[in-house]
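What follows is the structure in structure tokens.
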């Protein structure tokens with residue numbers, strides 16, 4: 666008896682075509698960041714040392730938010746790409762959150778980070794529930810170093 | 085040829101000048117001018133009504149048979165343990181689906197003010213503490229609560245079978261007869277009641293006509309909005325910072341806050357507000373993470389999935405919509421404030437000692453003058469329609485069973 670799982674991974678032509686189609690669709694999806702090096706077309710860039718963090722908000726059905734403006738009191742996803750001078754970064758996004766410094770409180774919802782491969786991450790469950798200035802806070806693990814990157818945004 | 089072109093240019097220049105005059109006067113008024121930022125912020129509170137969309141978590145949302153069923157059940161006292169309490173007992177259509185009491189009274193006195201039901205389709209959380217993440221679950225709780233209606237699946241099934249009209253609509257909506265041992269029975273009833281409540285939409289109010297007039301640069305219609313309401317609107321957007329929470333077309337961000345209303349309900353008892361609401365919604369088998377959510381993608385469960393309990397949630401209550409306030413006095417989660425004048429006074433003289441030490445830091449006493457308070461009340465009153473809202477109080481007459489489609493939606497009330 667031969668275990669299917671133990672066989673070498675021999676992909677049929679149909680399977681390979683399906684895989685190629687999948688990646689083409691993934692790359693062409695409207696919410697996808699373009700990769701590295703990240704430019705301003707990829708969203709908002711935060712730089713610290715050699716690391717560049719590009720983020721942009723995606724609304725319902727992963728529709729990019731016009732002009733990267735985050736609407737108040739609506740759930741959104743953060744699409745994050747980490748890059749360094751050599752291209753795709755080996756660093757990991759380990760924390761993403763937001764708070765209103767002037768109000769001294771955070772979000773009512775706990776975001777969850779989902780790695781997408783190639784230093785891309787989806788941060789799900791975000792919501793700015795009040796109008797005003799919010800501070801996005803990211804933590805990135807780069808080797809033994811933990812980098813903290815902040816960015817202030819306005820919700821209205 | 086040249087003369088004709090000159091005349092054309094002159095006509096166009098004249099039109100442009102006239103348009104500029106209208107644009108300027110649309111943001112201006114006797115004694116008050118609105119900045120571009122204020123105009124933007126005013127525009128964000130509309131248009132009204134919002135477009136209707138079916139609730140993905142309720143497969144009979146928008147279904148005509150379910151709406152007929154829900155309408156009948158809403159006014160049906162036979163669902164209650166003593167046969168004398170219906171949903172409409174507290175949610176009185178003549179009072180914006182409120183009861184004018186400080187706190188609700190079903191089979192027994194409650195502890196919270198009855199919320200109005202107009203525009204309930206557009207809410208994210210239901211109940212003052214948000215203990216429900218969907219309208220049908222929120223509609224089921226009072227039917228079963230021993231202090232409200234004290235109903236049961238067996239009583240509901242008997243009631244449906246005793247009414248040919250209700251049972252006809254039930255079968256048409258859900259494709260099966262009502263059986264007491266069907267685990268879906270109570271949820272289906274609640275989904276029918278929710279389908280009816282989703283049709284309760286309040287018509288545009290004076291503020292909406294003003295907002296729309298500004299948006300289309302119609303200065304003469306905009307000028308019909310009372311000056312006191314305009315001054316109050318400015319306070320609302322500016323010094324009052326009310327729109328920080330009372331945002332968007334619903335005049336609510338749909339979330340929760342502590343505004344210094346006492347949370348004691350009786351000697352030795354407290355209402356924990358949102359803190360208890362989060363626990364209740366997370367443990368509720370009828371929440372959107374559970375088996376009865378008809379949205380197979382579970383995309384409608386994002387809020388429930390990502391809830392983050394915080395210490396500050398204790399004593400927080402839902403930010404209510406400000407629409408239809410003229411119909412729904414008294415105010416606050418415990419009905420402790422009798423009038424809109426008193427609500428404004430509460431914010432004007434806010435007692436900061438009552439606020440959480442780790443809570444909101446932008447709430448400050450507004451220190452309004454008597455004239456400013458009147459203006460703010462005038463604005464709040466302009467968020468209610470001026471004409472009575474027509475809602476059919478009696479259940480619909482018996483009709484033939486209707487096909488279970490979403491295309492046969494009955495029109496929303498008040499339109």
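Chains as they are written, first to last, in the working numbering: chain A, 666 to 821; chain B, 85 to 499. Glycine included, C-beta positions come from ideal geometry on N, C-alpha and C. Small disclaimer: the values here were computed from a predicted structure and weren't measured.
Secondary structure of residue 285 of chain B, DSSP reduced to three states: Numbered from its first residue, the second chain carries residue 285 of chain B at position 201. Here residue 285 of chain B sits in coil by DSSP.
Residue 138 of chain B beta carbon less than 7 Å from that of residue 144 of chain B: Residue 144 of chain B sits at position 60 when you count from the first residue of the second chain. Residue 138 of chain B sits at position 54 when you count from the first residue of the second chain. Result no, Cβ atoms of residue 144 of chain B and residue 138 of chain B do not sit closer than 7 Å.
Check whether residue 412 of chain B and residue 200 of chain B have beta carbons under 7 Å apart: Within the second chain, the letter at position 328 stands for residue 412 of chain B. Within the second chain, the letter at position 116 stands for residue 200 of chain B. Going by C-beta atoms, residue 412 of chain B is nearer than 7 Å to residue 200 of chain B.
Where residue 121 of chain B falls, given that 16 or more other Cβ within 10 Å makes a residue buried: Locating residue 121 of chain B in the second chain gives position 37, where the first residue counts as 1. Residue 121 of chain B comes out exposed.
Residue burial classification, residue 407 of chain B (beta-carbon count within 10 angstroms, cutoff 16): Taking the second chain and counting its residues from 1, the one referred to as residue 407 of chain B is at position 323. Looking at its Cβ environment, which holds 16 or more other Cβ atoms inside 10 Å, residue 407 of chain B is buried.
Unbroken alpha helix (DSSP H) run spanning residue 705 of chain A, endpoints: Stepping through the first chain from its first residue, residue 705 of chain A is reached at position 40. Element bounds for residue 705 of chain A: n/a, residue is neither H nor E.
Residues near residue 49 of chain B in its chain [Cβ-Cβ closer than 8 Å; skip 5 each side]: Absent from the model: residue 49 of chain B. The displayed extent of chain B is 85 to 499, so no value can be given.
Beta-carbon neighbours of residue 337 of chain B, restricted to chain A and to distances below 7 Å: To locate residue 337 of chain B, count along the second chain from 1; it is residue 253. Going along chain A in sequence order, the residues near residue 337 of chain B (Cβ under 7 Å) are 737, 738, 794 and 795.
Assumed close pair residue 245 of chain B, residue 253 of chain B - CB separation to whole angstroms, cut-off 8 Å: Counting from 1 along the second chain, the entry for residue 245 of chain B is found at position 161. Counting from 1 along the second chain, the entry for residue 253 of chain B is found at position 169. The pair is not a contact, with the Cβ atoms about 13 Å apart (cut-off 8 Å).
Helix, strand or coil at residue 251 of chain B according to DSSP, with G and I counted as helix: Indexing the second chain from 1 puts residue 251 of chain B at position 167. Correct three-state label for residue 251 of chain B: helix.
Collapsed DSSP secondary structure at residue 431 of chain B in the structure displayed: Working through the second chain from its first residue, we reach residue 431 of chain B at position 347. The answer is helix: DSSP assigns residue 431 of chain B an H, G or I state.
Three-way DSSP call (helix, strand, coil) for residue 810 of chain A in this model: Numbered from 1 along the first chain, position 145 holds the residue referred to as residue 810 of chain A. Strand, per DSSP.
Residue-chain proximity (residue 318 of chain B, chain A), Cβ-Cβ < 7 Å: Position 234 of the second chain, counting from 1, holds the residue named residue 318 of chain B. No, residue 318 of chain B does not count as interfacial toward chain A.
Contact set between the region 775-792 of chain A and chain B, restricted to residues whose Cβ is under 9 Å from the partner: 775, 776, 777, 789, 790, 791 and 792
Partner residues on chain B for residue 763 of chain A, Cβ-Cβ distance less than 9 Å: For the purposes of this step, residue 763 of chain A is taken as the residue at position 98 of the first chain. The premise fails here: residue 763 of chain A is roughly 12 Å from chain B at the closest Cβ pair, so nothing lies under 9 Å.
Chain A contacts from the region 161-177 of chain B (Cβ-Cβ distance under 8 Å): none
Residue 820 of chain A - DSSP class collapsed to helix/strand/coil: Your numbering for residue 820 of chain A matches position 155 in the first chain. Residue state, collapsed to three classes: strand.
Contact set between residue 733 of chain A and chain B, taken where Cβ atoms lie within less than 7 Å: Here residue 733 of chain A refers to the residue found at position 68 when the first chain is read from its first residue. Those do not exist, as residue 733 of chain A stays about 18 Å from chain B at its closest Cβ, beyond 7 Å.
Boundaries of the beta strand (DSSP E) in which residue 212 of chain B is found, first to last residue: In the second chain, counting from the first residue as 1, residue 212 of chain B sits at position 128. Unbroken run through residue 212 of chain B: none, as it is neither H nor E.
Pairwise C-alpha distance: residue 704 of chain A and residue 195 of chain B: Against the second chain, residue 195 of chain B aligns to sequence position 111. Against the first chain, residue 704 of chain A aligns to sequence position 39. When rounded, the distance between both Cα atoms is 56 Å.
Proximal residues of chain B, C-beta to C-beta of residue 816 of chain A below 9 Å: Along the first chain, read from residue 1 onward, the residue named residue 816 of chain A stands at position 151. Within chain B, no residue comes near residue 816 of chain A; the closest Cβ sits about 21 Å away, beyond 9 Å.
Distance between residue 347 of chain B and residue 452 of chain B (C-alpha atoms, nearest Å): If you number the second chain from 1, residue 452 of chain B lands on position 368. If you number the second chain from 1, residue 347 of chain B lands on position 263. Distance between the alpha carbons of residue 452 of chain B and residue 347 of chain B is about 26 Å.
7 Å Cβ cutoff, residue 392 of chain B in contact with chain A: For this step, residue 392 of chain B is matched to residue 308 along the second chain. It does: the Cβ of residue 392 of chain B has a partner Cβ on chain A nearer than 7 Å.
Amino acids of chain A, ordered along the chain, whose beta-carbon sits closer than 7 Å to that of residue 331 of chain B: Sequence index remark: in the second chain, residue 331 of chain B carries index 247 (1-based). Residues of chain A passing the Cβ test: 737, 738 and 796.
Euclidean distance between Cα positions of residue 29 of chain B and residue 712 of chain A: An answer regarding residue 29 of chain B cannot be provided, because it is not within the stretch 85 to 499 covered by chain B.
Own chain, CB closer than 6 Å to residue 238 of chain B, minus 5 neighbours either side, in chain order: To locate residue 238 of chain B, count along the second chain from 1; it is residue 154. So the qualifying residues of the chain are 264.
Proximity of residue 125 of chain B and residue 321 of chain B at Cβ, strictly below 7 Å: Counted from its first residue, the second chain places residue 125 of chain B at position 41. Counted from its first residue, the second chain places residue 321 of chain B at position 237. Cβ distance < 7 Å, so residue 125 of chain B and residue 321 of chain B count as in contact.
CA-to-CA distance, residue 788 of chain A to residue 745 of chain A, given in whole angstroms: The sequence position of residue 745 of chain A within the first chain is 80, counting from 1. The sequence position of residue 788 of chain A within the first chain is 123, counting from 1. Whole-angstrom Cα-Cα distance: 8 Å.
The region 377-392 of chain B touching the region 778-797 of chain A, judged by at least three CB pairs closer than 8 Å: yes
Neighbour list for residue 259 of chain B in chain A, Cβ cutoff strictly below 9 Å: As a first step, residue 259 of chain B is located in the second chain; it is residue number 175 there, counting from the start. Within chain A, no residue comes near residue 259 of chain B; the closest Cβ sits about 30 Å away, beyond 9 Å.
Residue-level contact to chain A via CB, residue 381 of chain B, 7 Å cutoff: As a first step, residue 381 of chain B must be located in the second chain, where it is residue number 297. So, not an interface residue.
Own chain residues within Cβ distance below 7 Å of residue 534 of chain B, not counting five before or after: With chain B running from 85 to 499 in the structure shown, residue 534 of chain B is simply not present.
Whether residue 333 of chain B touches residue 136 of chain B by CB criterion (7 Å): The sequence position of residue 333 of chain B within the second chain is 249, counting from 1. The sequence position of residue 136 of chain B within the second chain is 52, counting from 1. Contact flag unset, no.
Cutoff 7 Å: residue 388 of chain B Cβ touching any chain A Cβ: Numbered from 1 along the second chain, position 304 holds the residue referred to as residue 388 of chain B. It does not: the Cβ of residue 388 of chain B has no partner Cβ on chain A nearer than 7 Å.
For residue 759 of chain A and residue 806 of chain A, believed in contact at Cβ under 8 Å, the rounded distance: For this step, residue 806 of chain A is matched to residue 141 along the first chain. For this step, residue 759 of chain A is matched to residue 94 along the first chain. Yes, they are in contact, since the Cβ atoms of residue 806 of chain A and residue 759 of chain A sit about 5 Å apart, within 8 Å.
Three-way DSSP call (helix, strand, coil) for residue 189 of chain B in this model: As a first step, residue 189 of chain B is located in the second chain; it is residue number 105 there, counting from the start. Looking at residue 189 of chain B - three-state DSSP - the assignment turns out to be strand.
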